[in-house]
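When we follow our numbering, the leftmost residue of the sequence shown carries the number 345, and every step to the right adds one. C-beta: ideal position from N, C-alpha, C; glycine also.
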Amino acid sequence: MAGQSRNENLPNLKKSISELTPHVSNMNAWAIGVDLGAQSMRGAWVNTKGQLHDPIKWETKVDEGKEKVLNRMVALVEELMKNPPEGVNPEKDALGVGFAIPGILHLKKGLVVQSPHFPDWKRFSVHEKLRKKLKLPVFVDNDANTGAIGEKVFGICKPYDHFVYCTLGTGIGGATFLNGDIYHGSIGMAGEIGHITVDPQGLPEATGNRGSVELYASGSGLMRVIEELREKYSEARVDNPEDLYELYKRGNKYENFAEVEKIFNDMGEALGVMLANVVNTLDPQAICFSGGLTMAWKAFSRKMIQITMERSYVARHNKLRILCTNLARNSNFIESGVVGGASLVFIDALRQSQEEVVSAKAVKKPPTLKAVSNE
345 MAGQSRNENL
355 PNLKKSISEL
365 TPHVSNMNAW
375 AIGVDLGAQS
385 MRGAWVNTKG
395 QLHDPIKWET
405 KVDEGKEKVL
415 NRMVALVEEL
425 MKNPPEGVNP
435 EKDALGVGFA
445 IPGILHLKKG
455 LVVQSPHFPD
465 WKRFSVHEKL
475 RKKLKLPVFV
485 DNDANTGAIG
495 EKVFGICKPY
505 DHFVYCTLGT
515 GIGGATFLNG
525 DIYHGSIGMA
535 GEIGHITVDP
545 QGLPEATGNR
555 GSVELYASGS
565 GLMRVIEELR
575 EKYSEARVDN
585 PEDLYELYKR
595 GNKYENFAEV
605 EKIFNDMGEA
615 LGVMLANVVN
625 TLDPQAICFS
635 GGLTMAWKAF
645 SRKMIQITME
655 RSYVARHNKL
665 RILCTNLARN
675 SNFIESGVVG
685 GASLVFIDAL
695 RQSQEEVVSA
705 KAVKKPPTLK
715 AVSNE
């Protein structure tokens with residue numbers, strides 16, 4: 345047929361993540377996933393069932409500068425390599441290591457363009473530097489993208505081909521699955537929903553924007569409000585969002601509960617305005633939240649869902665699901681980014697094996713599948 349250059353009897357080399365996901369569990373392999381955050385970095389061996397082996401968590405120490413943070417990332421991987429799962433030879437059996445990196449990434453060049461919580465990471469060649477320091481194949485993506493892939497491959501978003509993933513941590517990140525695949529945009533910078541404006545006359549931010557949702561509904565945004573709360577109520581022992589949520593859980597037993605409740609309602613309202621814009625634009629089946637601040641889900645989610653439904657006619661008509669991750673072993677170790685990092689490796693291995701199948705059909709020789717079953 346005119347205009348077709350490939351044999352239609354051969355498999356599509358660009359299968360979506362949704363198409364590849366069912367085959368991940370048929371693999372018998374391990375990879376390392378690392379999730380870099382502003383406060384801490386987490387890493388673990390992950391197998392193709394989504395199980396973690398001895399996860400570890402280290403302090404990031406952003407103030408020490410980019411090279412030392414990078415060296416800590418490498419040291420974390422090396423520490424994991426010293427303690428592999430039983431029966432795993434780390435030099436031979438690991439398919440690779442996938443990193444979840446916060447900030448705006450230029451994926452085609454392997455650069456961190458800008459990261460609000462890593463101020464010296466401007467145009468930082470993170471992929472090349474990690475590749476040179478580690479003996480394993482290295483994969484890098486934005487932390488929200490990797491989290492979304494983790495939820496798709498192993499988590500609560502398995503049933504959905506169209507969903508938006510939102511990570512609530514020190515900042516707010518986002519990723520979008522459209523037609524069963526992650527949407528990166530033209531150069532890999534799509535999904536920055538934390539910079540959606542919810543107050544046009546609001547606070548300024550370093551990117552040049554004003555009134556973005558991240559300033560009101562992230563960990564750093566809550567810290568600003570916490571400072572104001574401490575000035576107003578000197579007896580309030582609140583040092584972080586976790587402490588604030590503990591006050592919320594005390595309910596009316598805490599004399600200033602109404603003020604704490606308002607803080608979380610304001611957070612929910614800002615997130616609801618953000619979601620209404622996202623849902624009206626993309627019409628997803630589901631929204632999935634992850635990140636450290638989801639520990640306060642009960643405090644802000646009701647207001648967030650209310651505002652989303654009030655402001656989005658699309659949400660009211662498409663039976664939108666608003667979900668919280670199930671990839672969390674406890675409040676100190678949210679797994680989405682770690683299993684997402686490993687999933688980058690698994691998906692790449694499947695695509696490579698697929699290419700071998702296509703090449704083998706072309707020359708009529710059996711393929712060689714590395715660490716992947718032929719099912």
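May I ask which residues mark the beginning and end of the beta strand (DSSP E) holding residue i?
i	result
Y509	507–512
L455	455–458
Classify residue i as buried or exposed, calling it buried when 16 or more other Cβ atoms lie within 10 Å of its own Cβ.
i	result
D464	exposed
N391	buried
H539	buried
D407	exposed
T490	buried
N486	buried
L364	buried
G529	exposed
S469	exposed
I361	buried
What does residue i pair with, by DSSP beta-bridge criteria?
i	result
N609	Looking at the DSSP assignment, N609 forms no beta bridge with any residue, so it has no partner.
G442	G377, F483
W402	M385
G517	T511
T541	S556
V390	A375, L396
A630	F507, R665
F498	BP columns for F498 are empty, so no partner.
P753	The requested residue 753 does not occur in the structure, where the chain is confined to residues 345 to 719.
For the alpha helix (DSSP H) that residue i lies in, which residues bound it at each end?
i	result
L474	470–477
I448	Note, I448: premise wrong, no alpha helix (DSSP H); beta strand (DSSP E) at 448–450.
N415	410–426
W641	641–655
E536	Where E536 is concerned, there is no enclosing alpha helix (DSSP H), given that its DSSP letter is neither H nor E.
L591	585–594
V432	That residue, V432, is in no alpha helix (DSSP H); it is neither H nor E in DSSP.
What is the DSSP secondary structure of residue i, reduced to helix, strand or coil?
i	result
I526	strand
P366	helix
S675	Reliability fails at S675, whose pLDDT of 42 lies under 50, so the model's placement of it is uncertain and the value that follows must be treated cautiously. Note: S675 maps to coil in three-state DSSP.
F690	helix
S697	helix
E575	helix
S680	helix
Worksheet item: Using 8 Å as the Cβ pair cut-off and three pairs as the minimum, do the stretch 606–622 and the stretch 632–648 touch?
Response: yes
Discussion item. Under 8 Å, with one C-beta from each stretch per pair, do the stretch 625–635 and the stretch 661–673 reach the 3-pair mark?
Written reply: yes
Worksheet item: Are the stretch 375–384 and the stretch 679–686 touching, with three or more C-beta to C-beta distances below 8 Å?
Response: yes
Discussion item. Below 8 Å, how does it come out for the stretch 513–527 and the stretch 445–464: are there three or more Cβ pairs, yes or no?
Written reply: yes
Practice prompt. Would you be able to state if there are at least three C-beta pairs under 8 Å between the stretch 473–485 and the stretch 409–423?
Written response: yes
Discussion item. For the stretch 588–604 against the stretch 545–557, do three or more pairs of beta-carbon atoms, one drawn from each stretch, fall closer than 8 Å, so that the two count as touching?
Written reply: no
Worksheet entry | Cβ contact (3+ pairs, closer than 8 Å) linking the stretch 380–388 and the stretch 397–404 | yes
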